[in-house]
Amino acid sequence: MEKQIRILFICHGNICRSPMAEYILRSRVAGLELGESVLVDSAATSAEETGNPVHPRTAAILDTLGIDCSAKRARQMQRSDYEAYDYLIGMDRMNVADMRRIAGGDPDGKICRLLDFAANPRDIADPWYTGDFDATYTDVCAGCDALLKRLKEQRLVIPAAVRVCHVQMR
Numbered sequence: 085m086e087k088q089i090r091i092l093f094i095c096h097g098n099i100c101r102s103p104m105a106e107y108i109l110r111s112r113v114a115g116l117e118l119g120e121s122v123l124v125d126s127a128a129t130s131a132e133e134t135g136n137p138v139h140p141r142t143a144a145i146l147d148t149l150g151i152d153c154s155a156k157r158a159r160q161m162q163r164s165d166y167e168a169y170d171y172l173i174g175m176d177r178m179n180v181a182d183m184r185r186i187a188g189g190d191p192d193g194k195i196c197r198l199l200d201f202a203a204n205p206r207d208i209a210d211p212w213y214t215g216d217f218d219a220t221y222t223d224v225c226a227g228c229d230a231l232l233k234r235l236k237e238q239r240l241v242i243p244a245a246v247r248v249c250h251v252q253m254r
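Spelled out as structure tokens, the structure:
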């Protein structure tokens with residue numbers, strides 16, 4: 085069995101950006117027929133929203149894509165998440181600083197920002213403050229696409245069609 089890649093997206097409250105990234109990446113992974121080779125979840129650096137559902141405007145964007153996030157509830161990142169996930173991906177520099185504090189450091193280099201995978205690394209603005217959920221969606225999609233591209237380049241994820249070809253050629 086292939087190694088499962090475990091990705092945890094993290095933002096301040098786990099109601100806007102990180103659940104958007106979680107569900108967008110899950111959708112992209114499903115479209116590539118990666119099966120269970122990629123596990124995706126999300127969390128918050130803060131306990132403020134723990135137990136709350138995804139922000140209505142994030143849920144509305146996901147709904148237009150046919151993605152149901154109604155079961156998602158915000159949770160706070162735990163120190164144990166550092167060992168449980170291969171990638172801990174924040175949305176901005178403050179998230180990254182908070183993630184390192186919660187994890188007790190980053191000795192394995194697992195913590196970064198989502199747009200660090202893109203051609204133009206930068207923070208993803210928090211739509212809770214900006215009100216611009218569409219800009220957040222655009223940035224999250226760019227980051228998720230760049231992350232998947234990186235994983236494919238490193239041959240960490242291989243679409244099912246390619247896996248089948250490799251099996252048949254042996």
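Residue numbers (our numbering): 85 to 254. Yeah, the Cβ is synthetic: ideal placement off N, Cα and C, and Gly gets one too.
Which stretch, first to last residue, makes up the alpha helix (DSSP H) that contains residue i?
i, result
"residue 99", "No alpha helix (DSSP H) holds residue 99; DSSP gives it neither H nor E."
"residue 182", "177 to 187"
"residue 141", "140 to 148"
"residue 196", "That residue, residue 196, is in no alpha helix (DSSP H); its beta strand (DSSP E) goes 195 to 197."
"residue 233", "217 to 237"
"residue 168", "165 to 168"
"residue 134", "Premise fails: residue 134 is in no alpha helix (DSSP H) and is neither H nor E."
If you check the beta carbons only, do residue i and residue j fall under 8 angstroms apart?
i, j, result
"residue 223", "residue 208", "yes"
"residue 160", "residue 134", "yes"
"residue 99", "residue 138", "yes"
"residue 94", "residue 128", "yes"
"residue 232", "residue 110", "no"
To the nearest angstrom, how far is the alpha carbon of residue i from that of residue j?
i, j, result
"residue 151", "residue 92", "19 angstroms"
"residue 185", "residue 235", "26 angstroms"
"residue 202", "residue 169", "21 angstroms"
"residue 237", "residue 230", "10 angstroms"
"residue 96", "residue 89", "23 angstroms"
"residue 158", "residue 123", "17 angstroms"
Evaluate residue i with the Cβ neighbour count: other Cβ atoms within 10 Å of its Cβ, from every protein chain shown; 16 or more gives buried, anything less gives exposed.
i, result
"residue 199", "buried"
"residue 227", "buried"
"residue 87", "exposed"
"residue 149", "exposed"
"residue 105", "buried"
Below 8 angstroms on the Cβ atoms is my guess for residue i versus residue j; work out the distance and round it to an integer in Å.
i, j, result
"residue 211", "residue 153", "Not quite, the Cβ-Cβ distance comes to about 15 angstroms (not below 8 angstroms), so this is no contact."
So residue i is in the beta strand (DSSP E); what residue range does that whole segment cover?
i, result
"residue 174", "171 to 174"
"residue 127", "122 to 128"
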